[in-house]
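> What follows is a structure written as structure tokens; I'll ask about it next.
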Amino acid sequence: YLYGKYFQNQHCELCDITHSSVSAKPEWKAWISSLSCENYVLHTNEAEQMSIDFSGFTLPVVLIERGNGLEELISKKDMAQSGKGVDAFSQLFFKKLNEFGLDCQ
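Just so you know, we're using the numbering used here here: the sequence shown kicks off at 265 and counts up by one.
Below, the structure written as structure tokens:
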């Protein structure tokens, strides 16, 4: 990721939220571990190895499992608009969960 970001002009909105210039932000790790719901933070290649179908979604994306499929909870555009902070992302996450009638605190 770092090589692509700094030398190939690759960009990931979720990585901007979750990582500093060299590693995962401590506040991100703490927030993820504090969630009461089951969650997975996967890179695209890891999800592909688990046979997760991303067709119909623009990456990066936050998905929730409902019924027999996946639904978009937070889009790439939502992430970009929320800024690069974990606190802003957390607020967006809980707002979107609430819109789905779900809770994860």
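Yeah, the Cβ is synthetic: ideal placement off N, Cα and C, and Gly gets one too. Predicted model, so just to flag it, every value in this text is computed and none were measured.
1. When you compare the stretch 307 to 315 with the stretch 335 to 348, are there three or more beta-carbon pairs, one atom per stretch, that lie closer than 8 Å?
2. Might you give, ordered along the chain, the residues of its own chain that have their beta carbon closer than 6 Å to the beta carbon of N303, omitting 5 neighbours on each side?
3. What residue from T322, I316, F357, K348 has the CA that sits closest to K289's CA?
4. Would you mind giving the Cβ-Cβ distance between V350 and E312, rounded to the nearest angstrom? I have them listed as a contact below 8 Å.
5. Under 6 Å Cβ to Cβ from A344, same chain only, skipping five residues before and after it: list those, please.
Quick look at the numbers:
1. Touching, no, given that fewer than three Cβ pairs across the two stretches are closer than 8 Å.
2. none
3. K348
4. That belief does not hold up - the Cβ atoms of V350 and E312 are roughly 26 Å apart, past 8 Å.
5. Excluding sequence neighbours, A344 sits near E277.
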